[in-house]
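>
Residue numbers (full-length UniProt numbering): 1 to 626.
Here is the structure:
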């Protein structure tokens, strides 16, 4: 079997996955008893449990040793690689005293190796303000620099990967003792070429907080390799590894070109984090008949390694490293500002999307400014502060720039007073859908933009009288951020996607049926389109889903929910406002509800209502009150 080693991958953005980061990655691995899924360099791996609750019911193991709990027994079996099972509950009647004391001594050591509270790291330093996201960005910068030099070295044949990695390590290890101390990191803080890779406001000793696994206050060579996600054994020479850089939202196909002695009839077996993908339930993966692997579409969950073998011949496998990038998307406010001398202004550059997390640079009239924060503050402005301020966000997926014009005057002329008084507000907008089209109003109820009917999909001519038909809106919903409005127009098997910035219909999404209702799950950034089939008595519901609904990409219906031929949905309860993992669906003729995982879009449980003699007709999800 081809074992997929950890290598450096792009960081996950919490904006996309939030607190479910570990849960989303661990969705693709299945751990044995005594193991749990942990993230190391954003790679989900099964590791022996390092911590068990002290309060538990003791059990007697098959080795005649009393363990404080079942968790302790399975953890010891995992660590010692022994086959242990529970002989019976309670203490062993004649347990050897030496082993019992030894087990109790071990239980004192079973605590989480918390990366957030490493004793050897002083959190009172300025780097303690840096977040895990800053650490991931920094490690990614180091890894990109290493990969750049490794690629050049392979082309000219001057150095192999092992020597190059060692030389990268020794650039920090000044005294060549095989360990990088906090003092040596402080020296790197003063080197311009090293300092340029640091996130703003961070120092090199942030690596000790997250990468110092043995908490000795130093970083050794193995910890350095593990931090970069490189295998502890042989460094791959790149011959059996293929790298793929994919833009988020695109469909992508991986082909297995592994050289094997197996027959041509042997099928391709794909692995994800050392687990055969046939034995897991991954999200947005499809294996075709020809053995190729589809990413449908590519998302941040696809970051990392995929490996493949031909049949069960693991003598020569192939590894595919997928790096998913997302082009930055920013919003700069205000777009225009008219100020008097000694007034102050805050220019805010919000990152709406981007992976890896974009870096921000500010400039004034083409001259770079020192700040890299998302807010640029101009205090007590002077006349020479007039100019064009630009915010540029860049990552490996590309770069984007937004500008704001700032005008400073000693006193205002009459036209400027009018301009300042009537400057457009950035606070919010109100969209009104009516029979003549669509109108946008600002927070003061002043009309900003309008979309007439002739530019909407409802622009149809009545054959009887030759008149244009009016728009009859059925439902509409806005994304978060409010970049798009999705709307249902009566009589059209489609959903209109309207850009709120330029008030234009950007796309018309064709649906299989006449849509009746829209749901938007902001934490999944997914639009659920609900359509009805059949008459009022025998109707059923079909769900079509649009992923990345708020992203500026060409959208499509990426998923149609099909559960069972015998299950016709006519009731759907989705969490519209509060972040929830599950929704519920059902059919009126059945005394039951089905629990639906809104992330994987699968039914995970059936809740019987037979004891209540209840066939659900409607329902609601109540807020938890948090």
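Note that the Cβ used here is the ideal one computed from N, Cα and C, for glycine as well.
Hey, how far is the Cα of residue 187 from the Cα of residue 172?
Each residue's alpha carbon lies about 8 angstroms from the other.
> Could you check the C-alpha separation between residue 613 and residue 590 for me, to the nearest Å?
10 angstroms
> Using only CA atoms, which one of 225, 585, 190 lies nearest to residue 163?
225
> Residue 553 to residue 593, Cα distance in whole Å?
35 angstroms
> Tell me the DSSP secondary structure of residue 212 in three-state form.
coil
> Could you give the DSSP three-state label for residue 40: helix, strand or coil?
strand
> Could you spell out where the alpha helix (DSSP H) holding residue 70 opens and where it closes?
70–80
> Relative to the alpha-carbon of residue 482, which residue among 549, 439, 528, 542 has its alpha-carbon at the smallest distance?
549
> Taking only the alpha-carbon atoms, compute the straight-line gap between residue 104 and residue 69 and give it to the nearest angstrom.
Interpretation of residue 104 is limited by its pLDDT of 39, a score under 50 that renders its predicted location unreliable; the figure taken from the coordinates is listed afterwards. Approximately 11 angstroms, taken between the alpha carbons.
> Counting along the chain, where does the alpha helix (DSSP H) carrying residue 63 start and finish?
Unbroken run through residue 63: none, as it is neither H nor E.
> Quick check: the segment 304–311 against the segment 360–371, are at least 3 beta-carbon pairs closer than 8 angstroms?
Cβ pair count under 8 angstroms is below three, so no.
> If you count every other CB in all the chains shown that lies within 10 Å of the CB of residue 480, and 16 or more means buried, which is it?
exposed
> Please check the pair residue 575 and residue 622, which I expect to be a contact at CB under 8 angstroms, by giving their CB distance rounded to whole angstroms.
With 8 angstroms as the limit, residue 575 and residue 622 do not qualify as a contact, their Cβ atoms being about 10 angstroms apart.
> Please determine, among 599, 85, 406, the residue with the shortest C-alpha to C-alpha distance to residue 382.
406
> Since residue 219 sits in a beta bridge, which residues does DSSP pair it with?
Per DSSP, 180.
> Tell me, which residues are paired with residue 597 by DSSP?
582, 602
> Taking a contact to mean a Cβ-Cβ separation below 8 angstroms, would you say residue 325 touches residue 397 in this structure?
yes
> Nearest by alpha-carbon distance to residue 475: which of 484, 507, 440, 519 is it?
519
> For residue 199, does the three-state DSSP call read helix, strand or coil?
Shown here, residue 199 sits in coil according to DSSP, grouped into three states, outside any helix or strand.
> Cα separation between residue 369 and residue 179?
37 angstroms
> Since I believe residue 542 is in contact with residue 531 (beta carbons under 8 angstroms), could you give me their beta-carbon distance rounded to a whole number of angstroms?
Correct: roughly 5 angstroms between the Cβ atoms.
> By DSSP, does residue 395 sit in helix, in strand, or in coil?
strand
> Would you mind giving the Cβ-Cβ distance between residue 497 and residue 490, rounded to the nearest angstrom? I have them listed as a contact below 8 angstroms.
17 angstroms between Cβ atoms; not a contact.
> Please name the residue, chosen from 194, 189, 195, 181, that lies closest to residue 212 on a Cα-to-Cα basis.
The shortest Cα separation from residue 212 among 194, 189, 195, 181 belongs to 181.
> Please report the residue range of the beta strand (DSSP E) in which residue 88 lies.
86–89
> What three-state label does DSSP hand residue 621 in the structure shown?
The answer is coil: DSSP assigns residue 621 none of H, G, I, E or B.
> What is the rounded straight-line gap between the Cα of residue 524 and the Cα of residue 579?
9 angstroms
> Can you name the start and end residues of the beta strand (DSSP E) that residue 348 belongs to?
345–355
> Note down, in chain order, each residue of its chain lying with its Cβ closer than 8 angstroms to the Cβ of residue 223, except the 5 sequence neighbours on either side.
211, 212, 213, 214
> Measure from the alpha carbon of residue 246 to the alpha carbon of each residue in 194, 207, 300, then state which is nearest.
300
> In or out: residue 243 buried (at least 16 other Cβ within 10 Å) or exposed?
exposed
> On the DSSP bridge assignment, give the partners of residue 408 in chain order.
Residue 408 is bridged to 339.
> Can you give me the Cβ contacts of residue 604 inside the same chain, cut-off strictly under 8 angstroms, excluding the 5 residues immediately before and after it?
Excluding positions up to five away in sequence, the list reads 582, 595, 596, 597.
> Could you give the C-beta distance for residue 66 and residue 92, rounded to a whole number, given that I count them as a contact under 8 angstroms?
5 angstroms
> Spatial neighbours of residue 510 within its chain, please: C-beta separation below 7 angstroms, excluding the five flanking residues on both sides.
493, 494
> Shortest alpha-carbon distance to residue 253 belongs to which of 221, 292, 269, 277?
292
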